[in-house]
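Asker: Dropping a structure here in C-alpha cells format, bear with me for questions.
There are 2 protein chains.
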Amino acid sequence: MAPTSRDPRPIGFNLFEMACVGHISHGLWVHPENSRHRFNDLDFWVDQARLAEEGLLDAIFLADVIGTYDGYRAGPETALQEAVQIPSNDPLLVIPAMAAATRHLGFAATFSTTYEPPFAFARRASTLDHLTKGRFGWNVVTSYLPNAARNFGLPGEVEHDTRYAIADEYLDVLYKLWEGSWDDDAVVQDRENHVYTDPAKVRYIDHVGEHFSVAGPHLAQPSAQRTPVIFQAGSSSTGKAFAAKHAEGVFVGGYDLESYRQNVADLRRLAVLEGREPTDVKTYAMAVVIVGRTRAEAERKAEEFERLSRAEGYLAHAGGGGIDLAAYPRDALMSEVLAQEAAAGRDRTSRTRFFRAEGTVADALREVTRFDRPPFFAIGTPSEVVDEIEGWVRETDLDGFNLRQFLTPGTLEDFVELVVPELQRRGLYRTRYEESTLRERLFGPGRARLPDTHHGARYRGGANLGPAGVPRVVTAALAR
Amino acid sequence: MAPTSRDPRPIGFNLFEMACVGHISHGLWVHPENSRHRFNDLDFWVDQARLAEEGLLDAIFLADVIGTYDGYRAGPETALQEAVQIPSNDPLLVIPAMAAATRHLGFAATFSTTYEPPFAFARRASTLDHLTKGRFGWNVVTSYLPNAARNFGLPGEVEHDTRYAIADEYLDVLYKLWEGSWDDDAVVQDRENHVYTDPAKVRYIDHVGEHFSVAGPHLAQPSAQRTPVIFQAGSSSTGKAFAAKHAEGVFVGGYDLESYRQNVADLRRLAVLEGREPTDVKTYAMAVVIVGRTRAEAERKAEEFERLSRAEGYLAHAGGGGIDLAAYPRDALMSEVLAQEAAAGRDRTSRTRFFRAEGTVADALREVTRFDRPPFFAIGTPSEVVDEIEGWVRETDLDGFNLRQFLTPGTLEDFVELVVPELQRRGLYRTRYEESTLRERLFGPGRARLPDTHHGARYRGGANLGPAGVPRVVTAALAR
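Residue numbers (the working numbering), protein chains in the order written: chain A, 380 to 859; chain B, 380 to 859.
Here's what the structure looks like:
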C-alpha cells in the first residue's frame, strides 16, 4: 500500500518514559546532568509534565515491566548494577500528580493483561480517566519476562499465543465494564427525589469466559473517554492481529525506513479487515533526536551519549527474555545457539525476538548493544533534524514518534526549545492545544469515545453482555 | 486492664474518606453545601488535603470496597439510587496529587488481600511511600461483599477464617519484599564505577507458601518507611488476633464507652502476647463531631443531618453482607431469621455482624439505620465537644479518632476552625507538625521503620527468606 496523503493534524510526539532510572538508554544515568536518580520524587514527574505541556506534546508514555531481567549471566546482578529497569515504581501512580499540574497533556501507561485481574484494573483506568478528565491511555502488554511469571505464582512464562488469547478476553471484559455497564445518562443526581444513579441504566456484565468470570457492575461511572486510548506494540503476527483489532495507537517496529513503511501499511490493511478505517490506527516509531544549535554541538552530544552507553546494560536488557548469550562461546553460530535454546524449551517469539539466526554470537552481541537504537536516528541542527522527521513521516506514513531520552530533562528541553519551533514554522506541529481529551487529540474534535467500528463499541447500551450474549438488565422499579 | 496514663503525644485525628459519593453518611449528598458529587475531580482531593494539613490532622484515611452492595432487596438498585459506595474510584490513585499539594499530612488507603496478587501491591505501596516521602499507610482488609468475590472469578465469598489465613501469608510475602529483599545501603549510585545498585545487597525472596509463590526481588528500592504503617479493623476473634500481630493502628469497634475500653485493653493485651509493647498499637474510634458556635447552632446542624439521612441507604449498606431483611416479615424474630440464613449457608461472621439475634425484624431495621452511628457522638460548642473527646480518651485509652463527614468540606472546616483551637488550648493537640513520616507521627521521632519486635522485622537483612527459611543471596561477584 502506498503512503496515504497526510491529514492536516500535526505530527505527534510522546515523551517515552518509565518510572525507573534506566529505561532504554543504559549507562546514561552517570551523566552529571542526568536526574534519573530522582525518579522516586513527585517533583521529578511534575517538572517533566510541565515541560512536556509547554512543548505541546501529545502525551507522556510510561513503559513498565513487572519482573527483573535475570536471564543474562543467569542472574539479576547486571540489571541491578546497571539499573536496567530496576529499581522501578508503579507507572499508574505517578500520573495523578502530573495531571494536577497540567491541563492538556495526555498520559499513557503500560499494564499487563497476564497477571492481574481485569476488574480492579478497569476501575484504576476509569479513575485515571476521571482524574485526568479524559487524558488517559493504556499500553496493553502481555509481559515476556520469565521472572515476572515467577512473581505471580507461575513456574515460568505463559506461552506467547496463550498470553494473547488471555489478553483478547481481558479486553472484552474491560470493554463490557467501560462501555456496557453504565449508560451515559445513568448518573442523574436528582437531589429532590434522592436518586443519585438511575438503576435502570446500570447493569451487571455477567462475563463468563475461558479465562475470566466477572459479574460487575463496573464501580466507576462513565469517564470522558470511557475506554482509555488503547496503545499496543505487538510485532509478531499474533501481536499485529491483536493491534489491528484493538489498538488505536501502535508502536511500530522495523529495521529501516522500508520495513517501517511496510509495517505501517500492513497494520492499516489488517485494521481495514477488522472493519476499521486505515486512519483509525495511529502509528508511532521510537525516535532518537539529538539536536544542537550547530551540527558540531549535536555530534558532540551524540558522541558523549555513545561513550557513556553500557554494553552490559543492553545485554542484561536483551537477556531478560531468557537467552543468556554470555553462556556461549563467542564464535558459536547463532543458528546453533537458537536451536539449542529451542531444545531447552526456550524457543519462543518473546525470547528470541532480540536475536537473529545469522552470524556468530560475537555478531549478535555487537548487534544487541544496538537493539534499542531505533532506525530513526536524527542528529544535527533543528533544521536538519526536522528534515529527517518530515522525510520519514512522508515516506513511512507514520503518525508520530516516541521520543527516547538520553538525559532527563535535557533531551526534552532540547526538543522543546529547538525542535518544536522548527516543526511549527513548517506547519508540522500544533501551536496550541485544541482538544480536551487524548482520543480527540489523536482523532479530532468530537471523538472522545471509541468509534462505532471499534470492537469495544459492540457492548454499548448493554448489548452483547452475559455468557449467552443476553443482557441482564437491573430492574428499574424500586418499592419504597 | 486499667487505662494507662497517656503519653504526651497529641490525640490523633484522621479524616475518614472514601473515593465515592456516599461513604457512610447515607442521604447527605443532597445537601446543597455538600460537594461529594465532585469526587471524580482532582481538585476535590487537593482542596481537602490542604485543609486537613492546615488543621494538622494525622492523615486522610480512605476506605474502599471492590464490589456492589447487592444483598438488600436482592439487587444493587438501592445502593445505586442512594449512591452507597457506588460509583467509586480507586483509592490509591487520589493520593499522589494530594501528596504533591502537602508536605506533612499522612495518607492511609484500604486494599484487600483476598483478590489481587501481593507482588504488584508491594510495588504500589512502595511507590506511594516514595512519592509521599514516607507518609503512606495501608488499611488491610479481607473483603466481605459477595459481589466482590464474583468480580474476581469466584462463585461467592471466601470463608472468613480462610480469608484471614490468606491475609496472614499475604503480609508475610509483603514483609519479605519490603523489609528483606533490599538492604538499606543497596543503592550506591557510584557513577565512577557504573554501579547503581550493589547486587550483593538485593535478594530474591523465593516465597513458596500455601497460597502464594513469589520469587522477587522487590522492584522498588527501600522507601522511607519500607513497610507502610499497617492499619486494620478486625472485630472478630480472628480479626483481633491478626491485628495484634500485624496492625500498628486499629479501628476499634464497640457499642458504648465501656466496650471500647474493653476492646482497647484486649488489643493491647493480645499485642503483648505477640511480643509487642502495649503502645505499639494505636487505637482509633469513629467519631461524629458536630460543632457550632452555640449549642443551638450545633443542634440545628445535627437535626438537618438526621432529617436528610436515608434509611434505605443504611439498609442497602447493611444488606451488602448478604442478609436481605426486606425479604422477611417485620414481626419475624431475628433469632429465627439468622437461623434461616444459617441453614441457607449465609451464616458467617462477616454477613451477620450487622445484626443481633434479639428482637424482631422491625427492631433490627430500626437498629441498622443507626449501625454506622458510632457511640462517640459529640454535638455542641467547641468546649462541649472537646470535653467529650477528652473524657472518652481518658476513659477508653483510645489514641484518636476517624472523623466522620456529613458534609464535604463542611465537617472538616468546622473541625479545623472550631475544634482544633480548643484542643490546642488544652494541650491535647499538636500546634505544628514535627515528624516527616507517618509512622514517626504515631510513634515518635526516629521510628520511621517497623520496631524490632514487629513480626515483619524478622525478614530484615534477608533473614528467614525462602521456602526453607534459608536466604538465597544474589552472588556479588560480576565477571566483566
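C-beta atoms are modelled at their ideal positions from N, C-alpha and C, and glycine is treated no differently.
All of these numbers come straight from a predicted model, not from anything done at the bench.
Specify, as a first and last residue, the run of the alpha helix (DSSP H) that A/T790 falls within.
Answerer: Unbroken alpha helix (DSSP H) run through A/T790: G789 to D793.
Asker: Can we say the segment 668-681 of chain B touches the segment 751-768 of chain B, given the rule of at least three CB pairs closer than 8 Å?
Answerer: Contact holds: three or more Cβ-Cβ distances are below 8 Å.
Asker: Could you spell out where the beta strand (DSSP E) holding B/G759 opens and where it closes?
Answerer: That run of the beta strand (DSSP E) goes F756 to G759.
Asker: Within its chain, find whatever has a CB closer than 6 Å to the CB of B/S414; leave out the 5 residues flanking it on each side and keep chain order.
Answerer: T787.
Asker: Counting only runs of 4+ residues fully inside the segment 532-593 of chain A, write out the alpha helix (DSSP H) ranges in chain order.
Answerer: Taking only runs of at least 4 residues, the alpha helix (DSSP H) segments lying wholly in the segment 532-593 of chain A are 539-554.
Asker: Pull up the distance between the alpha-carbon of A/A504 and that of B/A741, whole angstroms please.
Answerer: Approximately 42 Å between the Cα atoms of the pair.
Asker: Are A/Y451 and A/A695 close, meaning C-beta to C-beta below 8 Å?
Answerer: Yes, Cβ-Cβ distance for A/Y451 and A/A695 is below 8 Å.
Asker: Provide the residue(s) that pair with B/T662 in DSSP beta bridges, ordered along the chain.
Answerer: Answer by DSSP bridge pairing, in chain order: B/V629.
Asker: Quick check on DSSP: helix, strand or coil for A/Q803?
Answerer: Of the three classes helix, strand and coil, the one that applies to A/Q803 here is helix, per DSSP.
Asker: Taking 8 Å as the CB-CB limit, is B/F531 close to chain A?
Answerer: Closer than 8 Å: yes.
Asker: Using C-beta distances below 8 Å, list every residue in its chain close to A/R851, excluding the 5 sequence neighbours before and after it, in chain order.
Answerer: The pLDDT assigned to A/R851 is 41, lower than 50, so where the model puts this residue is not dependable, and the model offers no usable value.
Asker: Who pairs with A/E396 in a beta bridge, going by DSSP?
Answerer: A/E396 pairs with A/L441.
Asker: Please confirm if B/A442 has its CB atom under 8 Å from at least one CB of chain A.
Answerer: It does not; no Cβ of chain A falls within 8 Å.
Asker: Find the residues of chain B that neighbour A/H509, judging by a C-beta separation of less than 7 Å, and give them in chain order.
Answerer: What A/H509 touches in chain B: N419 and N468.
Asker: Output needed in chain order: residues of the segment 487-501 of chain A with a Cβ under 8 Å from some Cβ in chain B.
Answerer: Of all residues in the segment 487-501 of chain A, Y494, E495, P496, F498 and A499 have a Cβ within less than 8 Å of some Cβ in chain B.
Asker: Taking the beta strand (DSSP E) that A/G485 falls in, what are its first and last residues?
Answerer: Note, A/G485: beta strand (DSSP E), G485 to S491.
Asker: Say whether chain A places a C-beta atom closer than 8 Å to the C-beta of B/R689.
Answerer: So yes, B/R689 belongs to the interface.
Asker: State the CB to CB distance for the pair B/L817 and B/A438, rounded to an integer number of angstroms; the pair is presumed to be in contact (CB under 8 Å).
Answerer: The Cβ separation is near 6 Å, so the contact holds.
Asker: Does A/Q803 have its Cβ less than 8 Å from a Cβ in chain B?
Answerer: Not an interface residue.
Asker: B/G841 to B/K555, Cα distance in whole Å?
Answerer: Approximately 8 Å between the Cα atoms of the pair.
Asker: Starting from the Cα of B/V444, find the closest Cα among B/I669, B/L471 and B/N572 and give me that residue.
Answerer: When only C-alpha atoms are compared, the closest one is B/L471.
Asker: Taking DSSP as the reference, what is the three-state secondary structure of B/F780?
Answerer: Reduced to three states, the DSSP call for B/F780 is strand.
Asker: Comparing alpha-carbon positions, which option in A/W424, A/G454 and A/R417 lies nearest A/L704?
Answerer: Per the Cα distances, A/G454.
Asker: What first and last residue would you give for the alpha helix (DSSP H) that runs through B/W424?
Answerer: Start and end: L421 to E433.
Asker: Let me check one thing: in DSSP terms, what residues is B/I609 bridge-paired to?
Answerer: Partner(s): B/W517.
Asker: Just to confirm the assignment, what range does the alpha helix (DSSP H) spanning A/E814 have?
Answerer: Taken as a continuous stretch (DSSP letters only), A/E814 belongs to no alpha helix (DSSP H), as it is neither H nor E.
Asker: Can you confirm whether A/L526, when its beta carbon is compared against all beta carbons of chain B, has any partner nearer than 8 Å?
Answerer: Here the sequence assigns Asn to residue 526 of chain A, which means Leu is not the residue at that position. Yes, its Cβ sits closer than 8 Å to a Cβ of chain B.
Asker: Can you find a CB in chain B that lies within less than 8 Å of the CB of A/H573?
Answerer: Yes, A/H573 lies at the interface with chain B (some Cβ there is under 8 Å from its Cβ).
Asker: Measure from the C-beta of B/A476 to each C-beta in chain A and report whether the shortest distance is under 8 Å.
Answerer: Yes, B/A476 lies at the interface with chain A (some Cβ there is under 8 Å from its Cβ).
Asker: Can you list, in chain order, the stretches of the beta strand (DSSP E) that have 3 or more residues and sit fully within the segment 630-707 of chain B?
Answerer: The segment 630-707 of chain B contains these whole beta strand (DSSP E) runs: 661-670.
Asker: Can A/L868 and B/L510 be called in contact, C-beta distance under 8 Å?
Answerer: Only positions 380 to 859 of chain A appear in this structure, which leaves residue 868 of chain A out of reach.
Asker: Here's the rule: buried if 16 or more other CB atoms are within 10 angstroms of the residue's CB, otherwise exposed. What is A/P411?
Answerer: Classification for A/P411: exposed.
Asker: So for B/S467, helix, strand or coil by DSSP?
Answerer: Strand at B/S467.
Asker: Is A/E814 buried or exposed, if buried means 16 or more other CB atoms sit within 10 Å of its CB?
Answerer: Buried is the call here.
Asker: Comparing C-alpha positions only, which one of B/I390, B/D469 and B/L821 sits nearest to B/P607?
Answerer: When each option's Cα is compared against that of B/P607, the closest is B/L821.
Asker: Quick check on B/A599 - is its C-beta less than 8 Å from some C-beta in chain A?
Answerer: Yes, B/A599 lies at the interface with chain A (some Cβ there is under 8 Å from its Cβ).
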